[in-house]
Amino acid sequence: MQCGTEWVLEVVDARNTVKRNLAPPDGGAGTGAPYGKLYTRPDLSDVVAMAGRLPPPPAGQAYHLWLTQPGQSGPQLGGVLAFNQGFGLLVFDTAKPGPTYEAAWVTLQPPGSAAPTGPTVLRWQGN
């Protein structure tokens with residue numbers, strides 16, 4: 001399957017899209033608070049993550065998306081969000097259609113990090 005920014009609408013704008021809302025871990029919401037969304041489809045292996053109202057990352061830091069899947073022993077890195085004027089975007093291919101997740105969170109930490117060690121900016125936890 002194709003994967004890249006040109007594929008975003010195919011993932012986010014379909015009848016069968018699964019959308020998960022990411023919010024600040026302290027429950028803070030409202031005007032000016034960061035927010036995000038994680039999109040998957042049962043028929044595609046592509047995943048789209050978007051975040052808005054993010055402050056610029058400090059020098060040497062980037063926004064990372066971490067995910068846990070059922071039966072997985074620990075978190076995996078989805079990738080680093082491309083950042084532009086408060087907006088972050090990440091599109092990646094899981095190689096298997098219909099990825100499912102138990103949790104997703106965005107951290108702020110140095111690029112190349114192998115584990116989620118930075119502060120959590122946004123989080124979604126499944127039921």
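Position 29 (the sequence shown) corresponds to 29 in the numbering used here; numbering is contiguous.
The C-beta atom is built at its ideal place from N, Cα and C for all residues, glycine as well.
Because the structure is a prediction, the values reported are computed rather than measured.
Which residues bound the beta strand (DSSP E) around residue i?
i, result
"L9", "From DSSP, L9 is part of no beta strand (DSSP E) but of the alpha helix (DSSP H) over V8 to V12."
"K157", "Residue numbering for the chain in the displayed model covers 1 to 127; residue 157 lies beyond these limits and cannot be assessed."
"D93", "F87 to D93"
"T120", "T120 to Q125"
"A103", "A103 to Q109"
Apart from the five residues just before and just after residue i, which ones in its own chain have a Cβ nearer than 8 Å to its Cβ?
i, result
"T120", "P25, W105, V106 and T107"
"F83", "L54, P56, P57, A62 and Y63"
"T100", "T40, Q69 and P70"
"N16", "R41, P42 and D43"
Within its chain, find whatever has a CB closer than 6 Å to the CB of residue i; leave out the 5 residues flanking it on each side and keep chain order.
i, result
"G98", "P42"
"Q76", "L67"
"V18", "T40"
"A115", "none"
"V12", "Y39 and V48"
"R20", "L38 and W124"
"L96", "One point to set straight first is that residue 96 is Lys, not Leu, in the sequence displayed. Correct list, in chain order: S45."
Apart from the five residues on each side of it in sequence, which residues of its chain come closer than 7 Å, Cβ to Cβ, to residue i?
i, result
"G32", "R53"
"A14", "R41"
"M1", "The predicted position of M1 is uncertain, since its pLDDT is 45 and thus under 50; a value taken from the coordinates is nonetheless stated next. Counting only Cβ-Cβ distances below 7 Å, and skipping sequence neighbours, we find L44, S45, D46 and D93."
"G86", "G52, R53 and L54"
"W7", "D46 and V91"
"P110", "G60 and Q61"
"S113", "H64"
"T117", "Q109"
So residue i and residue j are in contact, right, with Cβ under 8 Å, and what is the actual spacing, rounded?
i, j, result
"G78", "L89", "12 Å between Cβ atoms; not a contact."
"Y35", "V48", "Not a contact, Cβ separation roughly 15 Å."
Count the C-beta pairs between the segment 63–80 and the segment 101–120 that are closer than 8 Å, then say yes if the count reaches three, no if not. yes
Segments of 4+ residues assigned as alpha helix (DSSP H) that fall wholly inside the segment 40–84: none
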